[in-house]
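Visitor: Under this note's numbering, the residues of the first sequence are numbered 11 to 99, in order.
Yeah, the Cβ is synthetic: ideal placement off N, Cα and C, and Gly gets one too.
Here you go, one structure.
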Amino acid sequence: MKLDGTKFQIKVWKEIAKIPYGETRTYKQLAEAIGYPKSYRAVANACSANPYAPHIPCHRVIRSDGTLGGYSAKGGIDKKRRLLKQEMS
DNA sequence: CACATGACCTAAC
DNA sequence: TGTTAGGCCATGT
């Protein structure tokens, strides 16, 4: 599959794609995983810019507090909540 | 190149 | 426990 975006975004998306079903990762963890521990802010941006949702499990990415944060894809934050609840069942 | 934006994070009140 | 303020970073205008 070919991801269309900047180098940074590609890395982020690829890392997100590695998240196993039913699991969640924080934006910070993701940032560290790709080698940009301080770019967690941009990581969140990359997710919002992800045009491959929900093909890319960006809904499994949450804040460090444990809150869901947000979801720009169709369905909004509610959709994100549902998907997670369903995957964790 | 300078400025504005956002699905963030931490500390302080 | 809820809100505010400052710092951080890639992107788009």
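Taking its Cβ as the centre, do 16 or more other Cβ atoms sit within 10 Å of Pro67, making it buried, or is it exposed?
Guide: When all chains shown are included, Pro67 counts as buried.
Visitor: Which whole-angstrom value describes the C-beta separation of Ile29 and Arg70, a residue pair presumed to lie in contact below a C-beta threshold of 8 Å?
Guide: 5 Å
Visitor: Three or more C-beta pairs under 8 Å: does that hold for the segment 24-43 against the segment 82-90?
Guide: no
Visitor: Where do the N-terminal and C-terminal ends of the alpha helix (DSSP H) with Asn55 fall, by residue?
Guide: 50-58
Visitor: Give me, in chain order, the residues of the same chain whose beta-carbon lies closer than 6 Å to that of Leu13; leave out the 5 immediate sequence neighbours on both sides.
Guide: Ile20, Trp23
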